[in-house]
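Asks:
2 protein chains.
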Amino acid sequence: MPRLLHHRLDPSSRLARLMFAEYGVAVDLEDVRPWLRDAALLEINPAATVPILLDDGVPPVVGTLATIHAIDDHYTPATVDSLIPSDAAVRSEMWRLIEWVLVKLNDEVTRYILEEKIVKRDIRGAVPEPGVLRAAKANLAEHLLYFNWLFATRHWAAGPMLTLADFALAAHLSTLDYLGDVLWDSAPETRQWYARIKSRPAFRTLLNDRIVGMPAAQGYADLDF
Amino acid sequence: MPRLLHHRLDPSSRLARLMFAEYGVAVDLEDVRPWLRDAALLEINPAATVPILLDDGVPPVVGTLATIHAIDDHYTPATVDSLIPSDAAVRSEMWRLIEWVLVKLNDEVTRYILEEKIVKRDIRGAVPEPGVLRAAKANLAEHLLYFNWLFATRHWAAGPMLTLADFALAAHLSTLDYLGDVLWDSAPETRQWYARIKSRPAFRTLLNDRIVGMPAAQGYADLDF
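Note that the protein sequences, when read in sequence, are chains A and B.
Note that our numbering has the first sequence beginning at 882, numbered continuously upward.
Note that our numbering has the second sequence beginning at 882, numbered continuously upward.
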């Protein structure tokens, strides 16, 4: 069985877990706190990031891009449609939005909120810097406006069908939602889309997540939020 | 003929140009200064980044991931090996290193140097902040140590064959080299690899680049540097 080194609130780890769940493939999860830069972790990945995918007889698969490609290349059952669509235009739109989420949304929102609320607390018991959280939340509001605009005319992020872009975005928003940072009232179109993806069986694995000492915000696991 | 909206020193644009050149596909280049956030650019790409790939009859292909996938999906001649290898282990290692370059190297080095030396100067004639450049160069020294370690045991970045990871890394280093920021004397293994990739015909397109008012550093276009 494949084994995933992950952190429960790391969005890229969540993306990998969503893919496995959607493809109906069982995976063993092993919790890692990558910011501790454990020597065993650094040996596999000098960048000290998760996810890392381990399986018998193959070298470790390291990082977000390598993991999503490996899952799609090697763990997609023949009976299931790939989350990477064959239509060229939808496919390009999917990669555009995956990059938007992995680079821009992460860079302007998610990584600051995780650093302030999870990493600083875990490393030295420090409390979040309010100014940093405020800036990240203001950036998130701008991103939600953009996603509202997208979802006003599309059923799924990249077009008419569910793709990896939906799971990439849902992975980030689910982390931010766990921490209580998504103001859903201000994002009706995105909320409708999120309610739809949240009710997929694949999402259950994330909704059961709990972090010791950091309970999920109200509504996190509710399908009607 | 495909048309690429690009900036000459933008590493992801350079990666796309290297792919086209390596695949022997002619492409029209159109210079863009994405930081000016021109309305026509924002309409195609609200993230205001390049590269953007345009061609007849298909929607614009926006961003790094979408562009490299589109080039590989639609512009690889049947007679040429794809830069995305079929071997699973090399392929995963390639994606790991592409992510290293596009996210980590960019985030710790390239984007600061471009912001300080190109963007600030172009927008308001400002001079670079020495402290920022110093920090970025110290980070680059760490990255070069890692690449030296890699190239001490491999012919190409991801293993025995040339892949997209080589072009991704070469695109970033060529930008930094244009600006005179790579201390090659401290990086003998990486220099050997760079000399090898720089002498490929595909690289010529980059070596002829000139930015008005910002000449290339000495050695930039020399195959023996």
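Don't be surprised by glycine CBs; every beta carbon is placed ideally from N, CA and C.
Predicted model, so just to flag it, every value in this text is computed and none were measured.
Could you tell me which residues DSSP pairs with A/H887 in its beta bridges?
Replies: According to DSSP, A/H887 bridges with A/D912.
Asks: Among A/G905, A/W1037, A/F1084 and A/H950, whose alpha-carbon lies nearest the alpha-carbon of A/A959?
Replies: For the residues A/G905, A/W1037, A/F1084 and A/H950, the minimum Cα distance to A/A959 belongs to A/G905.
Asks: Where do the ends of the alpha helix (DSSP H) carrying B/P1069 lie?
Replies: Here the alpha helix (DSSP H) through B/P1069 covers P1069 to K1079.
Asks: Between A/L886, A/P892, A/Y1101 and A/L1104, which has its C-alpha nearest A/E996's C-alpha?
Replies: Checked all of A/L886, A/P892, A/Y1101 and A/L1104; the closest Cα to A/E996 is A/P892.
Asks: In chain A, which residues lie with their C-beta within 8 Å of the C-beta of B/H955?
Replies: In chain order: A969.
Asks: Taking its Cβ as the centre, do 16 or more other Cβ atoms sit within 10 Å of A/L917, making it buried, or is it exposed?
Replies: A/L917 should be labelled exposed.
Asks: Since B/D936 sits in a beta bridge, which residues does DSSP pair it with?
Replies: B/D936 pairs with B/V939.
Asks: At 8 Å on the CB atoms, spell out the chain B contacts of A/W1074, in chain order.
Replies: In chain order: nothing, as chain B lies at least about 18 Å away.
Asks: Flag this pair as yes or no: are the beta carbons of B/L1025 and B/L896 separated by less than 9 Å?
Replies: No, these two residues do not count as a Cβ contact at 9 Å.
Asks: If A/A951 sits next to B/S973, beta carbons under 8 Å apart, how far is it from one beta carbon to the other, in whole angstroms?
Replies: Correct: roughly 6 Å between the Cβ atoms.
Asks: Apart from the five residues just before and just after A/E1010, which ones in its own chain have a Cβ nearer than 7 Å to its Cβ?
Replies: Closer than 7 Å at the Cβ level, and outside the excluded window around A/E1010, lie E997.
Asks: Which residues share a DSSP beta bridge with B/I1092?
Replies: Partner(s): B/M1095.
Asks: In three-state DSSP terms, what is A/G1040?
Replies: If DSSP states are grouped into helix, strand and coil, A/G1040 belongs with the strands.
Asks: Starting from the C-beta of B/W1074, find all residues in its chain whose C-beta is less than 6 Å away, skip the five residues before and the five after it, and write them out in chain order.
Replies: Here the set comprises F1032.
Asks: Taking C-alpha atoms, which residue in B/D953, B/M1095 and B/A1019 lies nearest to B/S1067?
Replies: Considering only alpha carbons, the answer is B/A1019.
Asks: If you draw a straight line from the alpha carbon of B/F901 to that of B/V908, how long is it in whole angstroms?
Replies: The alpha-carbon atoms of B/F901 and B/V908 are separated by roughly 7 Å.
Asks: Candidates A/V971, A/Y1059 and A/V942: which alpha carbon is nearest A/P927's?
Replies: The candidate whose alpha carbon is nearest that of A/P927 is A/V942.
Asks: Using the C-alpha atoms, what's the distance from A/L1014 back to A/G1006?
Replies: A/G1006 and A/L1014: Cα-Cα distance of roughly 17 Å.
Asks: So with CB distances below 9 Å, who are the chain A contacts of B/Y1027?
Replies: Those within 9 Å of B/Y1027 in chain A are P927.
Asks: For the segment 929–950 of chain A, which residues have a CB atom closer than 7 Å to at least one CB atom of chain B, in sequence order?
Replies: Going along the segment 929–950 of chain A in chain order, one finds V939, P940, V942, V943, G944, T945, L946, A947 and H950 with a Cβ nearer than 7 Å to chain B.
Asks: Are there three or more Cβ pairs, one per stretch, closer than 8 Å when the segment 1084–1101 of chain A is compared with the segment 1043–1059 of chain B?
Replies: Too few Cβ pairs lie closer than 8 Å, so no.
Asks: Among B/Q1099, B/M975 and B/D1105, which residue has its Cα nearest to the Cα of B/S1080?
Replies: Closest by alpha carbon: B/D1105.
Asks: Buried or exposed for B/D1047, please, with buried defined as at least 16 other CB atoms from any protein chain shown within 10 angstroms of its CB.
Replies: It counts as buried.
Asks: Name the chain B residues whose beta carbon is nearer than 9 Å to that of A/R972?
Replies: Result: A947, H950, A951 and D954.
Asks: In chain A, what lies closer than 8 Å to B/V1118 by C-beta?
Replies: Shown here, chain B extends from 882 to 1106; a query on residue 1118 of chain B therefore has no answer.
Asks: From A/A1097 to A/A947, what distance separates their C-alpha atoms?
Replies: One C-alpha to the other measures close to 29 Å.
Asks: Going by beta carbon distance, what residues of the same chain come within less than 8 Å of B/S899, once the five residues before and after it are set aside?
Replies: Looking at the sequence itself, residue 899 of chain B is Leu, so the reference to Ser does not match. Excluding residues within five positions, the ones whose Cβ falls inside 8 Å are F1048, A1051, A1052, A1083, F1084, T1086 and L1087.
Asks: Checking 9 Å against the spacing of the C-beta atoms, do A/E980 and B/G944 come in under that value?
Replies: Going by C-beta atoms, A/E980 is nearer than 9 Å to B/G944.
Asks: If you reduce the DSSP assignment to three classes, tell me which class B/G1100 lands in.
Replies: Correct three-state label for B/G1100: coil.
Asks: Give me, in chain order, the residues of the same chain whose beta-carbon lies closer than 7 Å to that of A/E1070; leave out the 5 immediate sequence neighbours on both sides.
Replies: Counting only Cβ-Cβ distances below 7 Å, and skipping sequence neighbours, we find N1029, F1032 and A1033.
Asks: Between A/M882 and A/D936, is the Cβ-Cβ spacing less than 9 Å?
Replies: Yes.
Asks: Which same chain residues, not among the five before or five after A/E989, have their C-beta less than 6 Å away from its C-beta?
Replies: N1020, listed in sequence order.
Asks: Which same chain residues end up closer than 6 Å to B/L964 when comparing Cβ atoms and leaving out the 5 residues on each side of it in sequence?
Replies: Contacts found: T1044 and L1045.
Asks: For B/A1102 and B/G1094, what's the separation of their Cα atoms in angstroms?
Replies: One C-alpha to the other measures close to 17 Å.
Asks: Could you tell me which chain B residues have their CB closer than 9 Å to the CB of A/W976, listed as they occur along the chain?
Replies: V942, V943, G944, T945, L946, A947, T948, I949, H950 and A951, listed in chain order.
Asks: Indicate the three-state DSSP secondary structure (helix, strand or coil) for A/S967 in the structure shown.
Replies: Three-state DSSP puts A/S967 in coil, outside helix and strand.
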